[in-house]
Amino acid sequence: MKPPLIVYFSRTGENYWNGSIKNLQKGNTEIVAEMIADITGGDLFRVETVKTYASDYYACIDDAKAELRAGARPELKAYPGSLDAYDTIFVGYPNWWGTMPMAVFTFLEHFDWTGKRILPFCTNEGSGMGVSERDLKKLCPGATVENGLSIHGAEAASSRKKVEAWVNKLG
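All letters in the sequence shown, in the order written, are residues 1 to 171 by our numbering.
This is the structure we're talking about:
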């Protein structure tokens, strides 16, 4: 089996954390993405926007809500040259307003997903996957989108056993 690609969007700075605001040096989704890469031997690709989101949590979520309402597609700094080397692609993101950040939409719309297997994972503080799996199916026609893994953000660093069980179950 070819190693997978692990694509993820993650945010540092102020994040909602078990009912309060905590300043994160490494984003929760990045922590989980690195675990998946370690477990699978896959390649990591971080989705980064040209525009930097505010480090203030409340300002960031206001921006995220405005992007969602506008159907925005934020400009990204880079893309992988091709996805041809990968059959399986993990797609990770925080749950922003019930789905993926609009930057992930931008990334997904850039590629042809025909014949690819997508394994979504999401960090959140209680909102689960939201409608992101449905959105992935719409954005990635021709792909097989598997059931995703929801990780409570405050537990990301201690979620390795849960991540391993999910990865191993999917084969």
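Every residue gets a Cβ at the ideal spot worked out from N, C-alpha and C, and that includes glycine.
| Item | Value |
| --- | --- |
| For G92, which three-state DSSP category applies? | strand |
| If you compare alpha carbons, which of I6, T40 and W17 is closest to E30? | I6 |
| Label N168 either buried or exposed according to how many other C-beta atoms from any shown protein chain fall within 10 Å of its C-beta, with 16 as the threshold for buried. | exposed |
| Taking F105 as the reference, give the member of C122, L139, E48 and G171 with the closest Cα. | L139 |
| What do you get for P120, buried or exposed, if any count of 16 or more other CB atoms within 10 angstroms of its CB means buried? | buried |
| Can you name, in chain order, every residue of its own chain whose Cβ lies under 7 Å from the Cβ of V32, other than the five neighbours on each side? | G92, F121, T123, I151, A156, S159 and V163 |
| Are the beta-carbon atoms of V47 and L24 separated by less than 8 Å? | no |
| The beta strand (DSSP E) that contains K2, what's its start and end? | Per DSSP, K2 belongs to no beta strand (DSSP E) and is neither H nor E. |
| Straight-line CA distance for M35 to S127? | 22 Å |
| If distances are taken between C-alpha atoms only, which option among T49, A143 and E67 comes closest to G98? | E67 |
| Quick check: what's the CA-CA separation for F107 versus K26? | 21 Å |
| Taking 8 Å as the threshold, find out whether the stretch 46-61 comes into contact with the stretch 69-88 through three or more Cβ pairs. | yes |
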